[in-house]
Each structure stands twice: as C-alpha cells, then as structure tokens.
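Numbering (the numbering used here), first residue to last: 99 to 478.
Scroll down for the structure; my scribbles are underneath it.
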Amino acid sequence: MNHSDTDPAYLFFNGNKENLRIPGPTPLPGPVLEAIGQQMINHRGEEFCQLFRRLTANFQTCFQTKGDVLILTGSGTGGLEATIANLVSPGDPVLSVVIGYFGDRWADIAEAFGARVTKLKFPQGRPADVEAVEEALRGKTGYKLVLVTHNETSTGVTNDVAAIAQAVHSLGRERPVLAVDAVSSMGAMNLPVDDLGLDVVVTASQKAWMSPPGVAIVSVSPYAWAAVEKARSPRFYWDFQSAKRYAEKGQTPATPALSVLYGLDRALELILSEGLPNVFARHERLTRYVRRELRSLGLSLLAPDECASHTLTSVEVPEGVEAKGLISDLYARHKIVVAGGQGSLAGKIIRIAHMGYVTQRQLDKLLAALGELLPCRSQP
Ligand SMILES: *Cc1c(COP(=O)(O)O)cnc(C)c1O
Numbered sequence: 099m100n101h102s103d104t105d106p107a108y109l110f111f112n113g114n115k116e117n118l119r120i121p122g123p124t125p126l127p128g129p130v131l132e133a134i135g136q137q138m139i140n141h142r143g144e145e146f147c148q149l150f151r152r153l154t155a156n157f158q159t160c161f162q163t164k165g166d167v168l169i170l171t172g173s174g175t176g177g178l179e180a181t182i183a184n185l186v187s188p189g190d191p192v193l194s195v196v197i198g199y200f201g202d203r204w205a206d207i208a209e210a211f212g213a214r215v216t217k218l219k220f221p222q223g224r225p226a227d228v229e230a231v232e233e234a235l236r237g238k239t240g241y242k243l244v245l246v247t248h249n250e251t252s253t254g255v256t257n258d259v260a261a262i263a264q265a266v267h268s269l270g271r272e273r274p275v276l277a278v279d280a281v282s283s284m285g286a287m288n289l290p291v292d293d294l295g296l297d298v299v300v301t302a303s304q305k306a307w308m309s310p311p312g313v314a315i316v317s318v319s320p321y322a323w324a325a326v327e328k329a330r331s332p333r334f335y336w337d338f339q340s341a342k343r344y345a346e347k348g349q350t351p352a353t354p355a356l357s358v359l360y361g362l363d364r365a366l367e368l369i370l371s372e373g374l375p376n377v378f379a380r381h382e383r384l385t386r387y388v389r390r391e392l393r394s395l396g397l398s399l400l401a402p403d404e405c406a407s408h409t410l411t412s413v414e415v416p417e418g419v420e421a422k423g424l425i426s427d428l429y430a431r432h433k434i435v436v437a438g439g440q441g442s443l444a445g446k447i448i449r450i451a452h453m454g455y456v457t458q459r460q461l462d463k464l465l466a467a468l469g470e471l472l473p474c475r476s477q478p
C-alpha cells in the first residue's frame, strides 16, 4: 500500500510515457486531458460566462480569499509583469526579497518598468531572514511595493510569507503593497490570502494546478486596488481594471486560452472534491517521503527541512558526478525527466518536482533510478 486513504482515484490514472518531474509543465491526469480536448465555444456566449464565473469562484476558494481573482492569458511571468505594470509608477521605491532565480526575475521586471529596486538577497538554499526584512522595511520609509517569492522553484525553499506579511502590516496605514509569487506553491501548499493579508498573489496553470501552461491567476486585495488606481505605468493587455470590468460580465478583455480553462475547470473540480486540506497534506507527505528516501541514498539536499518546499526538492549532485550526464541518463534509461540547476546552481543540483498530479509510485521509480545511476553511496 503506497498511498493513503484520502488519495483520490484520478491520481492512479496511468497514461504517461514519461515520468515528467520538472517544475512545470507538469503531467495532466486523465480527466484533465479529456477536458482540454473539448470543442471551442463562443467566448462571448452564455456557456463561457458560466465557465468563467465557476473558475473565478473556485480559484477564490483555493486562494482562500473573498477578494478579486483575475484569470489572465499568459504564463506565470505574465502574471508577475502584470503585477508590476499595475502597481508601479516609474521611480517608485520597491523592496525585492530575493532568495533565488525567480526572485531576481521579478526584481528585473520592476526595474524594466523604471522602479528603484532594492534587492534584499539571501544565500541560495536559504529562506529570507525575516528580521533582515523588517530592518530593511523600517530603515527606509516610502517603499510602495514589496515583492516576495513564496516558493523559490530554483532552490526548493519556502519563505515564511506569514511573518513577512506581519512585518509589512506592522508599518501601518501607509504600508507598502505586498505582492507574492506563489506560482509554484498555490494549490499545493496552504497560503490563506485573506488571513495573511496578502495584496497580490500570482500563480500559473502549469504548476500545482494539473493543467496546461498558458494561464496566470492573480488575486488582488482592496488595498492593492487603491494602489492600482494611482500607479502610472503603461498597460493595456495586462490592465487589471480592464480584466475586472470584463470579469464582471463573465468575460475576458481578449480571447482567452479556452482549452487551458477547460482543463483548469476540471482540475479545480478534482482538487476541491479531494479537499484543500487533503491536497496540502498529500504534498507534505510526499515531500517528507522523497526527502527521507533521497537521504537514505546518501544524497544531500539543498534546503533544510524547516523551509523545504512541498512541491520541489533540490538534490546536491555528489562529487564526481556530472549533473548533465545524470539528467540525460535518467531520461535515456528510465524516461524520467528532472530539471537541472538555474544560474549559479547549474551543474550543482538536480531539481525534482512533486506538485499536482504525482504519486509515491512515480517518486519510487525516480528513487530507484537514482540508486542505480549513482555510485554506490547507500548508508548502512
Ligand atoms: C515557474 C515559475 C515562474 C515563471 O512562470 P512561467 O509560467 O514559466 O512564466 C515564476 N516564479 C516561480 C516561483 C515559478 O516557479
């Protein structure tokens, strides 16, 4: 028995040629594959309106927010850029908390829009030090926006967003807007948007949502809306206000990625019928399992347990092993696809995604393959 009683049947659909263990796109379960094959409909018609309203309501449930959730056509980076375009005026001071590659990317987008970005960087493989964030927030008044990555996919580290949110809120009435990149965590890890007071939270369809790439989902709090009204960056395709106006009619400003929305509709149904607490617990359980088993192969993990991501695990490549060769052997011999390191971690780690549609059995196959390919390192 390698699954718990709460694991739903759809997880055991087995139509995959490969064991795709990269952090997006992730594999699609059977019901979602079926859903994306449906015929096109009029995106200005009644049927679409119902689909869009259902999606919006179900995303609100998953984000645990009563605020607005916008469904935008684009990848996660589009959602990150939309956030900047709607919240930043040229010259605005922005604090960017960076613990890896995706934190850097968001800061770079803000810079491209003319923000004066202060990057608060922490070593890769570690979370942000909350006291240092507090100090940075108090040291300079007038930050308009704080950017934080919830789950840094380049390292497999989760930031303590609750504590950072508290630090931001403690600044009072003139506090900055808090924007969170939860692209690779929302839907798999508990991030209650309203309880934590997160103003903007971004995710994307191809990560924990068991859907194809092409849609970004962004929550916007009332506090963020007030800032959107004042921000003066140019925007058209990514205009939050336009997305909201159309959403009120059950539509999108431009043609939506219909097939992706069909997939998300079905995936959200699966997630919500499994129950969010069960989905979160399943991801946590698989994380503990894969970390324990990797360690028993004698491997070292980049992230310490207390800040380990529940959707992705980074494994240090042992001395004498070439990361590129290991990754290509995993594919050639076992049809298992893992990701390498990004930026300065290239060649140093491999990254194993376990978000969305994944079972312990698939992780067992990966573990067995690693055991076979790596020089004998098993601990007694
Ligand atoms: C995947 C990812 C992104 C980028 O998303 P795209 O869909 O590739 O544009 C941004 N941030 C994080 C944390 C991610 O995991």
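Note that the Cβ used here is the ideal one computed from N, Cα and C, for glycine as well.
If you're wondering where the values come from, they're calculated on a predicted model, not measured in any experiment.
Using 8 angstroms as the threshold, is the C-beta distance between residue i and residue j below it?
i	j	result
Pro125	Tyr455	yes
Ala355	Gly312	yes
Leu185	Val275	yes
Ala352	Gly174	no
Leu392	Val413	yes
Lys238	Asp190	no
Pro225	Val255	yes
Leu395	Leu461	no
Thr253	Ala401	yes
Trp307	Ala365	yes
I'd like the list of long-range same chain contacts for residue i, defined as Cβ closer than 8 angstroms, with 5 residues on each side in sequence excluded.
i	result
Pro121	Thr251, Ser282, Lys305, Thr409, Leu410, Ala437, Arg449, Ala451, Met453
Arg389	Leu399, Asp403, Ala406, Thr411
Arg273	Val266, His267
Lys115	Lys433
How many Å lie between residue i and residue j at the Cα?
i	j	result
Leu465	Glu420	18 angstroms
Phe161	Leu296	10 angstroms
Met287	Val316	16 angstroms
His432	Ala467	7 angstroms
Ala155	Ile139	21 angstroms
Val259	Val246	8 angstroms
Gly361	Leu370	14 angstroms
Arg142	Leu153	16 angstroms
Leu193	Leu471	43 angstroms
Glu233	Leu294	20 angstroms
Ser303	Ser309	5 angstroms
Ser340	Gln222	38 angstroms
Leu168	Gly469	44 angstroms
Pro127	Arg459	15 angstroms
Met284	Pro375	13 angstroms
Glu327	Leu235	23 angstroms
Val231	Asn257	12 angstroms
Ala444	Asp427	17 angstroms
Ala430	Gln137	36 angstroms
Glu417	Arg203	30 angstroms
Trp336	Leu424	40 angstroms
Identify, in the order they occur along the chain, each residue of the same chain with its Cβ nearer than 7 angstroms to the Cβ of residue i, setting aside the five sequence neighbours on each side.
i	result
Pro320	Gly165
Leu149	Leu359, Asp363
Lys481	The structure shown has nothing for residue 481, since the chain only spans 99 to 478.
Ala263	Leu276, Leu294, Gly295, Leu296
Lys219	Val196
Residues in its own chain within less than 6 angstroms of residue i by CB, not counting five upstream and five downstream?
i	result
Ala280	His248, Leu289, Val299, Thr301
Gly441	Tyr199
Cys147	Gly348
Arg330	Ser187
Thr457	Leu109
His381	Ala286, His408
Glu209	Val215
Gly201	Thr247
Phe377	For clarity, residue 377 is Val in the given sequence; the question names Phe instead. Excluding positions up to five away in sequence, the list reads Ile369.
Ser357	Ile134
Gly240	Pro191
Our contact map puts residue i next to residue j with C-beta atoms below 8 angstroms; I'd like the distance itself, whole angstroms only.
i	j	result
Ile434	Asn117	4 angstroms
Leu170	Ala183	Their Cβ separation, rounded to whole angstroms, is 11 angstroms, which puts Leu170 and Ala183 out of contact at 8 angstroms.
Glu372	Pro106	5 angstroms
Val291	Thr163	4 angstroms
Val318	Phe338	6 angstroms
Against chain D, does residue i count as a neighbour if the rule is that its beta carbon must be under 8 angstroms from one of theirs?
i	result
Gly469	Here chain D cannot be found, since the structure has a single protein chain.
*Entirely enclosed alpha helix (DSSP H) segments - the stretch 273 to 319, minimum 4 residues*: 291 to 294
*Can you list, in chain order, the stretches of the beta strand (DSSP E) that have 3 or more residues and sit fully within the stretch 381 to 440?*
410 to 414
_Complete beta strand (DSSP E) runs within the stretch 122 to 205 (minimum length 3 residues, chain order)_ = 166 to 171, 191 to 196
*Which runs of the beta strand (DSSP E) fall wholly inside the stretch 218 to 256 and span at least 3 residues, in chain order?*
243 to 247
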